[in-house]
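Chains as they are written, first to last, in the numbering used here: chain A, 88 to 485; chain B, 88 to 485.
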C-alpha cells in the first residue's frame, strides 16, 4: 500500500469506461466550431420543424392531471396504456407481444445497455453487423464483450458469412445485435429470406437476436417491413419514440419475452428504478389517435429528401463512387474508390460546408475508411442538392 | 457447439444481473397484498400531500415554452441553469462546485450506477457502511465488486475500524460509499471529527469517497450539516430532488471534479445519452425562488413525525429495545435484544398492521437480523403512534 503522491493524485478509473472515451461526437463538435456554416449530415434525428411540439405539450398537460401520486416511485415497467399502445403498434409489423413483456427505457440507447447487462459477462462474444451503430459498439465493449463483426451488403447482414464465423468462434456468442430495417449506418434492409435464415440459425446455434429498430416505421416505398420479432418471440426487440416523435423525450422500450422480462425488469429497477413518469404519459397521450398520421406525413418529407440526395449523388459523383438506396429511415452510405480515406477528407469537407460521419467509427475494428454515413432526413432538398455538389468538390480535391 | 434442446431453450443471462434478482421490493409487495390495511413504514419517499405538484406543473409549462429545439438531443450534462442552482445550493453546505462538474442523472440511483461504472472493474473492492442502502449494494455487486462493510454507530461510520479493515485488505479499495448525513438506513449522522478523519484517511490511502446525500437538506435541529464534499473537492457527491421535491421526477446529479467530469460525462452519454430535458427544466423553474421555503416547511412536518415516532417508541417498547435519534432525514433504526429476528417477525407485524424493512437487507453479507428501518416521514402522527403500539404487540408476541 505504498503509493507515491503522483499515483494518489489521479483516482483510478475502470478499464470498462475506456471504450466510452473514443466518441465521434466531440470530433463533430470541433468540426462544427471549425466551420459554423457547415451543414451537418451526420446526425440521426428528426428535423426540428417536424417535431409535433404542441401535440406533445398537450400530452404533457394531460399527464399532469394524474396528480401527485404519479410523482412517487412506481410503474417500473412504464405506464401501462403506453405499453399497450406499443404492443398494438408492434402487431402491425407482425409481432404479438404481451404488454407485460414491454419495459419502458430511457431511449433505445438504454435498451442496448440493459440488453448487454442482461446477457454479457466479461469475455463473452457479441456479434454485430459491420458496419453497425457506433454507440452500440461502445456499450458492448464497455461491458468487456468481445465484438465480432458480420458483413452487411445491400440485402442486409450476410447470414451465410455469419454461419462461417460461428463455425470459427471459440465459443457460442451471447447475442447478435442487428438493425435489420433501414440499417444504421448503411440504410439497407435485410431481405425476407435472410431474416428467416437468421432466425433459424439463432435457434440452431443458441444465440439471442437483439433487434434494434429505431427507423422501422419510416418506410417510404410500400408497406412497413415485418420485424424479426414477428418471426421469433424470443427476439429481444428495442424500440424508441426518438425518431418518430423526438429524441429529447428519452422514451424507448425493450420488448422481451416471458422468460426474460424479469431480468430486464430487475436490471432497470436496480440501476435507475424507472423512467420519469410524466413524459411516459405525455408520449402516450400525444401518440394516441395521432402517431400514425404523423408518421405518414413525415415519411413523405423524408422520402422527398432521400430522392433529392439520390438525385444529387447521381448528378455529382464521379465514376467509382457507390451508394445505397434506402427504402426508409434516415441514412444512406456512400463508398469511395480505393485510395480514398473519409477520415482524412473530413476537415476539407467541413471547410467546404458539409460534415458527414466517416465509416471507421461503425466497425468493431475501425478497419474500413472508404465510406461515409449521410443523413438525408434533417435538411431541406435545396440544401441537400448543394451539399452533394460540395461533396463532389471535396472528392475531386483529394 | 453441441447443445441439447434443453440448453438452447433458456437464453443464458449474465452472472452480473444475479445480484438484482434478490430485492426487498417484491417481498414488500407480497406483504401489502397479504394485508392491504397494513401501513408501510419501509419506504423512502416524501408523502403525497407534501409534493408541490402545482408548482412542478407550472415549472413544466414554462419548460415547454423553450420549443422543439429542446426535444432534440443535447445538454448531456443537463440544463445549465439547473446545474448552477445545484452548485449554489451545495455552497450553502460548504462545497464549492463548478457547474461544469455537475452531471444530471436519472435519480441518484443512476448516480450510484455511474460511479460504480467509472471506478469498478470485476474483483475490485468497494467499501460500504454496514448497514447501508440496499440498492447501492445490488449495483456494486452487479458490477462484480467485492463489497466490504464498515460498521456504523450513532456517530456514523467508525473510521478507526475502517483503518483496521484497510490494513487487512489484499488491495486498495476503489471507493468508499457512504451516506454520512441522516444515514440510510440508521438515520445517524457522521460526526465532524470522523468526517475529517475519513477524508484524511482517503487521501492517505488513496481511495475515493462517494458521498450519497439524498436527505442532507432535511435537517430538523439546527443548521444543515456541511458535506464531505466541502472537506475535499475530490469527493464524488450524489444528490437528488427525489426527497426534497418528488422521486417520480427522476432528477438527481453527480458532482465530481475537473479530473473526473469527463469520465462521468462519457459513461452517461454512452449509456442513455442524457436525461429527459423537459423535466430537468421543470425542476429548475419549480425550484427557483421556492425550494428553500418548501424544504423549511417539510422539515417541520418531518420533525413532528420523528418526534411522534420517538415518543411512541419510548412509550411502547419493552426494555432492551434500542433506537437511533435522527436529526433529520426519513429514517430511524430500531434494534431488538438478542434472540429476535426481524425477518421472521415481519409476517406477523404485517398481520398486525405495520410493515418495516428488516435489517438483513442492508448488510453486504446479510448477517444482521435484529434491527429494522422505520420511515417516519410518510405517515401522520396519529398513525405513527398507533403503529408503534402494534410494533410493541408484535415484539411481545414473539
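Note that beta-carbon positions come from the ideal geometry of N, C-alpha and C, so glycine has one too.
Open item on the list: Could you compute how far the alpha carbon of residue 289 of chain B sits from the alpha carbon of residue 315 of chain B?
Closed with: In this structure, the CA atom of residue 289 of chain B is about 11 Å from the CA atom of residue 315 of chain B.
- [ ] Look at the alpha carbon of residue 156 of chain B and the alpha carbon of residue 336 of chain A, and state the distance between them as a whole number of angstroms.
- [x] Straight-line measurement puts the Cα of residue 336 of chain A at about 12 Å from the Cα of residue 156 of chain B.
Task: Given residue 266 of chain B as reference, the closest of B:327, B:463, B:129 and B:102 once Cα atoms are compared - done: Residue B:327 holds the alpha-carbon nearest to the alpha-carbon of residue 266 of chain B among B:327, B:463, B:129 and B:102.
TODO: Please check the pair residue 272 of chain B and residue 392 of chain B, which I expect to be a contact at CB under 8 Å, by giving their CB distance rounded to whole angstroms.
DONE: About 17 Å separates the two Cβ atoms, so there is no contact after all.
Open item on the list: Quick check on the DSSP output: what are the complete alpha helix (DSSP H) runs of length 4 or more inside the stretch 376 to 428 of chain A, in order along the chain?
Closed with: Taking only runs of at least 4 residues, the alpha helix (DSSP H) segments lying wholly in the stretch 376 to 428 of chain A are 378 to 403.
TODO: Report yes if the CB atom of residue 260 of chain B is closer than 8 Å to the CB atom of residue 325 of chain B, and no otherwise.
DONE: Result no, Cβ atoms of residue 260 of chain B and residue 325 of chain B do not sit closer than 8 Å.
Task: Proximity below 8 Å, CB of residue 217 of chain A to CB of residue 450 of chain A - done: Less than 8 Å divides the Cβ of residue 217 of chain A from the Cβ of residue 450 of chain A.
TODO: Could you tell me which residues DSSP pairs with residue 264 of chain A in its beta bridges?
DONE: Beta-bridge pairing links residue 264 of chain A to A:215 and A:297.
Open item on the list: Please identify the residue among A:222, A:458, A:415 and A:229 whose C-alpha is closest to the C-alpha of residue 425 of chain A.
Closed with: Answer by Cα proximity: A:458.
Open item on the list: Tell me the DSSP secondary structure of residue 89 of chain A in three-state form.
Closed with: With a pLDDT of only 42 at residue 89 of chain A, under the threshold of 50, the placement of this residue in the model should not be trusted, and no figure is reported.
TODO: Count the C-beta pairs between the stretch 108 to 127 of chain B and the stretch 199 to 214 of chain A that are closer than 8 Å, then say yes if the count reaches three, no if not.
DONE: Contact fails: fewer than three Cβ-Cβ distances are below 8 Å.
Open item on the list: Bridge partners for residue 460 of chain A per DSSP, in chain order?
Closed with: Within the DSSP bridge table, the entry for residue 460 of chain A names A:420 and A:444 as partners.
Task: Proximal chain B residues relative to residue 100 of chain A, where beta-carbon distance stays under 7 Å - done: Neighbours of residue 100 of chain A in chain B, taken as residues at a C-beta separation under 7 Å, are given in chain order as 205, 206 and 350.
- [ ] Just the chain A side, please: which residues come within less than 7 Å of residue 160 of chain B by C-beta, in chain order?
- [x] Neighbours of residue 160 of chain B on chain A, chain order: 132, 334 and 335.
TODO: Find the residues of chain B that neighbour residue 364 of chain A, judging by a C-beta separation of less than 9 Å, and give them in chain order.
DONE: For residue 364 of chain A, the residues of chain B that pass the 9 Å Cβ criterion are 335, 336 and 337, in the order they occur in the chain.
Open item on the list: I'd like to know if residue 370 of chain A contacts chain B, where contact means its C-beta is closer than 8 Å to some C-beta of that chain.
Closed with: Output row for residue 370 of chain A: interface = no.
- [ ] Would you please verify whether the beta carbon of residue 466 of chain A is less than 8 Å from any beta carbon of chain B?
- [x] No, residue 466 of chain A does not count as interfacial toward chain B.
TODO: Taking C-beta pairs closer than 7 Å, name the residues in chain A that residue 154 of chain B reaches, listed in chain order.
DONE: Under the 7 Å cutoff, chain A gives 140.
TODO: Please compile the residues from chain A whose C-beta is within a distance smaller than 8 Å of the C-beta of residue 111 of chain B.
DONE: The CB of residue 111 of chain B never comes closer than 8 Å to any CB in chain A; the least such distance is about 11 Å.
- [ ] Counting only runs of 3+ residues fully inside the stretch 299 to 386 of chain B, write out the beta strand (DSSP E) ranges in chain order.
- [x] Correct list: 323 to 327 and 339 to 342.
Task: Whether residue 385 of chain B touches residue 126 of chain B by CB criterion (8 Å) - done: Contact: no.
Task: Contact set for residue 91 of chain B: own chain, Cβ-Cβ below 8 Å, skip 5 residues either direction - done: The predicted position of residue 91 of chain B is uncertain, since its pLDDT is 43 and thus under 50; no value can be drawn from it.
Task: CB contact check: residue 226 of chain A to chain B, cutoff 8 Å - done: Yes, residue 226 of chain A counts as interfacial toward chain B.
TODO: Specify the secondary structure class of residue 238 of chain B as computed by DSSP and reduced to three states.
DONE: In this structure, residue 238 of chain B counts as strand in the three-state DSSP scheme.
Task: C-beta atoms of residue 313 of chain A and residue 180 of chain A nearer than 8 Å - done: Going by C-beta atoms, residue 313 of chain A is nearer than 8 Å to residue 180 of chain A.
Task: residue 330 of chain B, buried or exposed, once every other Cβ within 10 Å from all chains shown has been counted against 16 - done: So residue 330 of chain B ends up on the buried side.
TODO: Pair every Cβ in the stretch 233 to 245 of chain A with every Cβ in the stretch 292 to 307 of chain A, then say whether three or more of these pairs are closer than 8 Å.
DONE: No, the stretch 233 to 245 of chain A is not in contact with the stretch 292 to 307 of chain A.
TODO: In the DSSP assignment, find the unbroken alpha helix (DSSP H) run with residue 158 of chain B in it and report its ends.
DONE: First-last for residue 158 of chain B: undefined, no H or E at that position.
Task: Expected contact under 8 Å - CB spacing of residue 193 of chain A and residue 440 of chain A to nearest Å - done: That pair is no contact at about 35 Å.
Open item on the list: Beta-carbon within less than 7 Å of residue 150 of chain A's beta-carbon, same chain only, minus the 5 sequence neighbours each way: which residues are those?
Closed with: Once the five neighbours on either side are set aside, the close Cβ partners of residue 150 of chain A are 365, 368, 369 and 372.
Open item on the list: Quick check: what's the CA-CA separation for residue 89 of chain B versus residue 421 of chain B?
Closed with: Note that residue 89 of chain B scores a pLDDT of 42, beneath 50, so its modelled location is shaky; the value from the coordinates is reported in the next line. About 55 Å.
Open item on the list: Pop quiz: residue 205 of chain B and residue 338 of chain B are said to be a contact at Cβ under 8 Å. What is the actual Cβ separation, rounded to whole angstroms?
Closed with: That belief does not hold up - the Cβ atoms of residue 205 of chain B and residue 338 of chain B are roughly 20 Å apart, past 8 Å.
Open item on the list: Suppose contacts are defined by Cβ-Cβ distances below 8 Å. Is residue 446 of chain B in contact with residue 429 of chain B by that definition?
Closed with: Result yes, Cβ atoms of residue 446 of chain B and residue 429 of chain B sit closer than 8 Å.
Open item on the list: Which residues of the stretch 165 to 197 of chain A have a Cβ closer than 9 Å to any Cβ of chain B? Give them in chain order.
Closed with: If the cut-off is 9 Å between Cβ atoms, the stretch 165 to 197 of chain A has 192, 193, 194, 196 and 197 near chain B.
Task: Beta-carbon proximity of residue 103 of chain A to residue 208 of chain B, cut-off 8 Å - done: Residue 103 of chain A is a Cβ neighbour of residue 208 of chain B, given a cutoff of 8 Å.
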